[in-house]
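To start, the structure itself, in structure tokens.
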Amino acid sequence: MADLGCTIAGIESINPFWLASAPPTDKYYNVVRAFEAGWGGVVWKTLGEDPPVVNVSSRYGVHHDTGRGVIGINNIELISDRPLEVNLKEIEQCRKEWPDRVIIGSMMAPIDEQAWKELAIKIANSGVHGIELNLGCPHGMCERGMGSAIGQVPEMVEQTTRWVREAVDIPVFTKLTPNITNILWPAEAAKQGGAHAVSLINTVNSIVSVDLDAMAPNPVVGGKGTHGGYCGSAVKPIALNMVAEIARAQETQGIDISAIGGIETWKDAAEFIALGANALQVCTAAMLYGFRIVDDMIDGLSAFMDQKGYKSMEDFRGMAVKNTVDWNELNMNFDTKAFINPDKCIECGRCHIACEDTSHQAIEFAVAEDGKRSFTVINEECVGCNLCAHVCPVPDCIEMQPVEDDKPYVTWPEHPLNPMKAAAE
Amino acid sequence: MPDGLEKGPPSCGLSAEDIEAGFGDLHKPLNSIKAIAAAEHCIYCYDAPCVQACPTSIDIPTFIHQIRTGNTDGAARTILSENIMGGTCARACPTEVLCEQACVRNHGEEDPVEIGLLQRFATDHLMAAGGAHPFERGADSGKTIAVVGAGPAGLACAHRLSMLGHSVKVYEAKAKPGGLNEYGLAAYKMVDDFAQKEVEFLLEIGGIEILYNRPIGPDLALSDLLKSHDAVFVGVGLGGTNKLGLDKEDLNGVEDAIDFIERLRQADDKSTVAVGNDVVVIGGGNTAIDAAVQSKKLGAENVTLVYRRGEDAMSATPYEVELARKNGVNVRLWAKPQSIKGDTHVKSMKFERTRMMNGKLAGTGDSFKVPADMVLKAIGQQLSLDALSGVEIAGGKIAAAADFSTSMKGVFAGGDCIRSGEDLTVQAVEDGKQAAHAIDTYLKGDANG
Ligand SMILES: Cc1cc2nc3c(=O)[nH]c(=O)nc-3n(C[C@H](O)[C@H](O)[C@H](O)COP(=O)(O)OP(=O)(O)OC[C@H]3O[C@@H](n4cnc5c(N)ncnc54)[C@H](O)[C@@H]3O)c2cc1C
Ligand SMILES: Cc1cc2nc3c(=O)[nH]c(=O)nc-3n(C[C@H](O)[C@H](O)[C@H](O)COP(=O)(O)O)c2cc1C
Ligand code: SF4
Ligand code: SF4
Ligand code: SF4
Chain L
539 MADLGCTIAG
549 IESINPFWLA
559 SAPPTDKYYN
569 VVRAFEAGWG
579 GVVWKTLGED
589 PPVVNVSSRY
599 GVHHDTGRGV
609 IGINNIELIS
619 DRPLEVNLKE
629 IEQCRKEWPD
639 RVIIGSMMAP
649 IDEQAWKELA
659 IKIANSGVHG
669 IELNLGCPHG
679 MCERGMGSAI
689 GQVPEMVEQT
699 TRWVREAVDI
709 PVFTKLTPNI
719 TNILWPAEAA
729 KQGGAHAVSL
739 INTVNSIVSV
749 DLDAMAPNPV
759 VGGKGTHGGY
769 CGSAVKPIAL
779 NMVAEIARAQ
789 ETQGIDISAI
799 GGIETWKDAA
809 EFIALGANAL
819 QVCTAAMLYG
829 FRIVDDMIDG
839 LSAFMDQKGY
849 KSMEDFRGMA
859 VKNTVDWNEL
869 NMNFDTKAFI
879 NPDKCIECGR
889 CHIACEDTSH
899 QAIEFAVAED
909 GKRSFTVINE
919 ECVGCNLCAH
929 VCPVPDCIEM
939 QPVEDDKPYV
949 TWPEHPLNPM
959 KAAAE
Chain Y
17 MPDGLEKGPP
27 SCGLSAEDIE
37 AGFGDLHKPL
47 NSIKAIAAAE
57 HCIYCYDAPC
67 VQACPTSIDI
77 PTFIHQIRTG
87 NTDGAARTIL
97 SENIMGGTCA
107 RACPTEVLCE
117 QACVRNHGEE
127 DPVEIGLLQR
137 FATDHLMAAG
147 GAHPFERGAD
157 SGKTIAVVGA
167 GPAGLACAHR
177 LSMLGHSVKV
187 YEAKAKPGGL
197 NEYGLAAYKM
207 VDDFAQKEVE
217 FLLEIGGIEI
227 LYNRPIGPDL
237 ALSDLLKSHD
247 AVFVGVGLGG
257 TNKLGLDKED
267 LNGVEDAIDF
277 IERLRQADDK
287 STVAVGNDVV
297 VIGGGNTAID
307 AAVQSKKLGA
317 ENVTLVYRRG
327 EDAMSATPYE
337 VELARKNGVN
347 VRLWAKPQSI
357 KGDTHVKSMK
367 FERTRMMNGK
377 LAGTGDSFKV
387 PADMVLKAIG
397 QQLSLDALSG
407 VEIAGGKIAA
417 AADFSTSMKG
427 VFAGGDCIRS
437 GEDLTVQAVE
447 DGKQAAHAID
457 TYLKGDANG
């Protein structure tokens with residue numbers, strides 16, 4: 539069986555699955571249950587200076603699909619609302635009882651050197667393996683000059699990271715906010731500040747839905763609502779891109795990545811690892827299903843690795859990074875066409891109407907005399923957009939088949955129709 | 017009640033409660049959780065085959081999508097805009113040979129979308145909410161149309177005529193509206209007096225007056241109606257029944273299945289309905305199945321359904337035949353009635369075995385006897401001609417053109433009394449609806465000309 543052990547920021551973990559700093563890691567009770575369930579590590583719920591924050595009631599909103607499946611949730615909770623001393627004692631206790639599991643202390647403070655350093659030292663003294671800087675909370679804390687208010691200013695990201703590096707001698711993770719124009723700016727700043735790793739993403743600023751009776755955003759707090767942090771399955775694509783950007787950019791290359799955002803299955807995990815993640819953090823999936831979901835994350839990931847012949851995560855980590863390129867590096871001569879397998883087609887017409895109304899009018903719909911409906915791709919019209927294959931309800935019914943030809947690899951900068959190229963010549 | 021059938025405690029020992037419970041919903045209605053799950057199974061097909069397979073062309077993908085988005089009353093309006101008796105059809109349509117049979121999900125060796133149950137979910141929701149009637153009467157045209165028969169064809173026609181602004185007078189022979197919805201459909205398809213509730217709902221549009229116990233016939237003929245109305249729609253269904261043509265067909269205990277079903281449907285307490293202990297049902301259609309299953313549910317010990325051909329030739333759907341078997345009905349194929357035995361009350365029946373010979377059904381000479389204290393004849397209904405003087409009849413039905421007009425100018429017809437599609441509620445509704453449009457066109461042409 540494949541070895542799921544991994545190392546991030548110099549910290550060894552029995553598996554890459556950690557719980558992200560959030561309600562699942564709020565206290566001793568949850569963390570022990572998580573370790574019992576098999577999680578490799580936890581990032582403790584973010585700690586701040588005393589007195590602790592006070593939360594409101596009504597805290598989460600949800601984005602359902604029509605079948606009540608959860609696409610994502612958002613929250614308007616703040617950081618830990620329990621006294622610092624209580625948290626630190628519990629961390630110490632957990633560390634003692636679970637020596638093979640990782641505990642990272644998450645923290646935030648106002649933009650003040652002494653505040654950051656004093657808090658970092660106190661947390662380090664509880665025995666944590668490392669410290670994570672929460673520079674991402676996009677609601678509530680940012681109105682107090684913390685969280686994303688810091689994370690959105692690269693200079694402050696660098697500054698706070700440096701303060702913590704100077705204060706303690708354990709690994710430092712800087713947790714980034716996705717609510718920013720270019721993720722490379724804060725990532726590079728974290729690297730400059732001396733971070734051993736970046737953790738990303740924190741939640742995405744959002745209004746998850748509007749209560750049409752209360753006429754207020756959800757979650758409604760006594761008639762009013764506020765924007766909150768969006769997470770879960772829906773944010774995975776955003777996180778994947780940001781992780782890939784950091785993994786492949788020159789400026790940030792080499793920094794370890796603790797990937798977070800919408801990880802629900804072993805497959806999600808494998809995708810993040812393929813894009814360069816050293817380890818993973820999960821919040822929403824655990825909140826929706828409980829800690830037991832880690833079972834299949836572990837089992838599925840090792841089965842996948844066995845099947846592919848990867849002995850350790852390092853065997854495939856980052857393998858998709860070199861194939862993640864700028865648009866300008868894509869081959870303009872590549873051509874692919876939709877192919878409908880008539881044996882699998884159930885004649886629903888979804889491919890036809892999608893292509894007909896919104897794409898390239900490339901799927902012909904005919905009804906035979908016996909009433910049999912047929913859907914046929916018009917090769918000359920098909921641009922290979924994949925839309926039909928995506929909307930088809932039958933798996934593998936529409937296959938995108940690359941056109942075999944001997945055309946050379948030609949990028950847009952080299953392309954004859956590129957006016958900029960003509961100008962340059 | 018036929019003579020000689022005492023309503024004692026049936027020998028099978030069903031209590032009154034058992035019997036009542038046996039006549040509960042054949043298909044349990046979906047609750048909202050199941051409805052969403054069922055709706056999620058629908059692919060939202062383009063130019064969906066299910067729509068084409070529904071005789072009333074309900075926009076099925078749209079109404080199911082509306083259920084999915086939580087717009088359940090909108091879903092009901094989508095249904096009712098094509099089929100004002102969508103509630104009854106949701107309960108009574110043989111969906112396994114209509115919409116659900118065409119569902120593309122069948123191709124994937126999956127179960128089809130439960131269209132009928134979803135249709136019921138939506139229409140029940142709207143009717144339970146009880147708000148304003150979802151359709152408006154059109155601006156008054158000043159025209160009055162006589163509708164003969166308050167069955168599905170007549171009422172669907174009346175409703176659509178009202179939407180088009182016409183006034184409608186319905187002449188109904190019986191004391192209650194609904195036609196076979198009220199008197200014929202199996203009790204377990206129409207629980208809680210649904211037929212009457214649906215008619216009440218339908219009439220909320222206004223502009224429709226029903227005159228009960230007013231049969232059209234020698235005293236009040238179609239030609240009379242034409243004098244006092246601008247047009248006439250005939251939706252009289254099939255009032256007559258076919259005879260076996262055997263001696264002793266009038267013995268006590270021998271009756272038409274539809275009379276038995278009507279008695280059953282009209283009984284407030286099902287346990288008071290007399291049924292034999294050895295029931296023989298003759299026929300291979302819907303009516304035969306319904307009569308057999310309902311006899312069983314009333315407590316008959318032995319119910320034997322005898323049909324003269326093979327199962328494939330039965331007009332009942334395979335689902336219905338299976339339903340009969342599940343309910344303990346003994347289905348005997350390839351046998352035709354030969355004689356009825358008994359003095360005043362039927363005692364048994366003799367059947368001759370049959371087979372196909374040179375493409376024709378023929379007796380084999382071999383026969384068998386089935387003990388019977390009740391014989392229910394379900395060998396088809398026929399047009400009753402009482403009301404139809406002046407109208408051309410062809411092949412046992414009113415001769416109607418594609419626009420539902422008959423040989424008599426100004427007289428239109430639809431439902432079971434003409435040859436359109438199958439004799440089904442949903443087809444009667446479609447005929448009524450389309451005939452209303454044809455009448456509207458006719459009246460406009462008339463006004464111009
Ligand atoms: C036992 C049985 C079970 C059935 N089960 C199903 C089923 O499960 N699903 C399904 O889809 N279909 C079923 N059908 C068929 C369905 O009931 C009919 O197709 C449908 O009712 C036809 O509607 P209609 O309006 O044409 O006629 P009817 O429903 O027969 O209505 C005719 C109306 O006209 C009235 N009338 C008749 N003569 C006169 C007159 N001279 N003057 C005034 N009024 C008159 C009658 O009293 C009646 O109200 C069943 C039929 C039977 C007999
Ligand atoms: C209710 C809730 C509270 C959270 N609190 C914190 C927090 O205190 N500190 C922090 O760094 N991130 C916090 N997060 C963000 C998560 O750690 C994580 O970055 C985010 O939810 C994305 O991962 P996911 O898609 O697996 O949930 C919180 C998330 C949720 C849902
Ligand atoms: S979407 Fe798929 S199943 Fe539906 S018609 Fe197209 S190819 Fe067939
Ligand atoms: S009316 Fe009948 S055939 Fe038409 S969709 Fe409804 S259940 Fe199906
Ligand atoms: S054919 Fe089936 S899946 Fe397609 S729209 Fe109709 S009910 Fe839905």
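If you're matching them up, the sequences are chains L and Y in order.
With the first letter of the first sequence counted as 1, position 6 gets the number 544 in my numbering; the numbers rise by one all the way through.
With the first letter of the second sequence counted as 1, position 148 gets the number 164 in my numbering; the numbers rise by one all the way through.
All residues carry an ideal CB built from backbone N, CA and C; glycine is no exception.
Quick caveat, the model's predicted, so the values are computed rather than measured.
{"Item": "Name, going along the chain, the residues of the segment 916-947 of chain L whose beta-carbon falls closer than 9 Å to a beta-carbon of chain A.", "Value": "Given the protein chain composition of this structure (L and Y), no chain A is represented."}
{"Item": "If we call anything under 8 Å between Cβ atoms a contact, is Met646/L one with Met679/L?", "Value": "yes"}
{"Item": "What is the rounded straight-line gap between the Cα of Pro110/Y and the Cα of Glu116/Y?", "Value": "9 Å"}
{"Item": "Quick check on Gly605/L - is its C-beta less than 8 Å from some C-beta in chain Y?", "Value": "yes"}
{"Item": "Would you be able to state if there are at least three C-beta pairs under 8 Å between the segment 545-562 of chain L and the segment 574-592 of chain L?", "Value": "yes"}
{"Item": "Are any of the Cβ atoms in chain Y nearer than 8 Å to that of His734/L?", "Value": "no"}
{"Item": "Specify the secondary structure class of Lys190/Y as computed by DSSP and reduced to three states.", "Value": "coil"}
{"Item": "Roughly how many whole angstroms lie between the Cα atoms of Glu278/Y and Tyr199/Y?", "Value": "5 Å"}
{"Item": "Give the residues of chain L in contact with Ala123/Y, contact being defined as C-beta atoms less than 7 Å apart.", "Value": "The amino acid at residue 123/Y is misidentified as Ala; the sequence shows His. Under the 7 Å cutoff, chain L gives Ile884, Glu885."}
{"Item": "Just to check, is the beta-carbon of Val442/Y closer than 7 Å to a non-hydrogen atom of ligand 4?", "Value": "yes"}
{"Item": "Between which two residues does the beta strand (DSSP E) containing Glu783/L stretch?", "Value": "Looking at the DSSP string, Glu783/L is not in any beta strand (DSSP E); the run it does join, the alpha helix (DSSP H), is 774-786."}
{"Item": "Using a beta-carbon distance cut-off of less than 8 Å, what residues from the segment 52-66 of chain Y approach chain L?", "Value": "Ile52, Ala53, Ala55, Glu56, Ile59, Tyr60, Cys61, Tyr62, Asp63, Ala64, Pro65"}
{"Item": "Under 7 Å Cβ-Cβ, which residues of chain L neighbour Thr85/Y?", "Value": "Thr604"}
{"Item": "Starting from Leu940/L, trace the beta strand (DSSP E) both ways and give me its first and last residue.", "Value": "It is worth fixing the name first, because residue 940/L is Pro in this sequence and not Leu. 936-940 is the extent of the beta strand (DSSP E) around Pro940/L."}
{"Item": "Val120/Y touches chain L at which residues, Cβ-Cβ below 7 Å?", "Value": "Ile884, Glu885, Cys886"}
{"Item": "Please list the segments of the alpha helix (DSSP H) lying wholly inside the segment 554-632 of chain L, counting only runs of 4 or more residues, in order along the chain.", "Value": "566-575"}
{"Item": "With distances taken from CA atoms, which of Glu902/L, Ser912/L, Ala658/L is nearest Glu919/L?", "Value": "Glu902/L"}
{"Item": "In chain Y, which residues lie with their C-beta within 8 Å of the C-beta of Ala901/L?", "Value": "Here residue 901/L turns out to be Ile, not Ala, going by the sequence shown. Result: empty, since nearest Cβ-Cβ is about 10 Å, beyond 8 Å."}
{"Item": "Please report the straight-line C-alpha distance between Leu236/Y and Asp208/Y, rounded to a whole angstrom.", "Value": "35 Å"}
{"Item": "Of the choices Gly430/Y, Gly181/Y, Val295/Y, whose alpha-carbon is the least far from that of Val163/Y?", "Value": "Gly430/Y"}
{"Item": "Would you check whether ligand 1 has a heavy atom nearer than 7 Å to the C-beta of Pro231/Y?", "Value": "yes"}
{"Item": "So is Ile878/L in contact with chain Y if we call contact Cβ pairs under 8 Å?", "Value": "no"}
{"Item": "So what does DSSP say about Asn258/Y, is it helix, strand or coil?", "Value": "coil"}
{"Item": "With a CB to CB cut of under 8 Å and the five nearest residues on each side skipped, what residues in its chain are close to Gly411/Y?", "Value": "Arg435"}
{"Item": "Within 10 angstroms of its Cβ, does Arg639/L collect 16 or more other Cβ (buried), or is it exposed?", "Value": "buried"}
{"Item": "With distances taken from CA atoms, which of Tyr60/Y, Gly170/Y, Ala202/Y, Gly292/Y is nearest Val120/Y?", "Value": "Tyr60/Y"}
{"Item": "Judging by CA-CA distance, which residue of Glu225/Y, Asp389/Y, Ser423/Y is the nearest neighbour of Glu408/Y?", "Value": "Ser423/Y"}
{"Item": "Which of helix, strand or coil does DSSP assign to Val295/Y?", "Value": "strand"}
{"Item": "Less than 7 Å between the CB of Lys366/Y and some heavy atom of ligand 1, yes or no?", "Value": "no"}
{"Item": "Shorter than 8 Å from the beta carbon of Ile546/L to some beta carbon of chain Y?", "Value": "no"}
{"Item": "Near Ala247/Y, what residues of its chain come up, given a Cβ to Cβ distance below 8 Å and the 5 sequence neighbours on each side ignored?", "Value": "Lys159, Ile161, Ala162, Gly426, Val427, Phe428, Ile455, Tyr458, Leu459"}
{"Item": "Could you please give me the residues that DSSP links to Met645/L through a beta bridge?", "Value": "Leu585/L, Leu671/L"}
{"Item": "Given that a residue counts as buried once 16 or more other Cβ atoms are within 10 Å of its Cβ, and exposed if not, what is Thr380/Y?", "Value": "exposed"}
{"Item": "Taking only the alpha-carbon atoms, compute the straight-line gap between Ala904/L and Gly922/L and give it to the nearest angstrom.", "Value": "21 Å"}
{"Item": "Distance cutoff 8 Å, beta carbons only. Does Ile891/L sit that close to anything in chain Y?", "Value": "yes"}
{"Item": "My assumption, with CB atoms under 8 Å, is that Arg281/Y sits in contact with Leu321/Y. Please give the rounded CB distance.", "Value": "20 Å between Cβ atoms; not a contact."}
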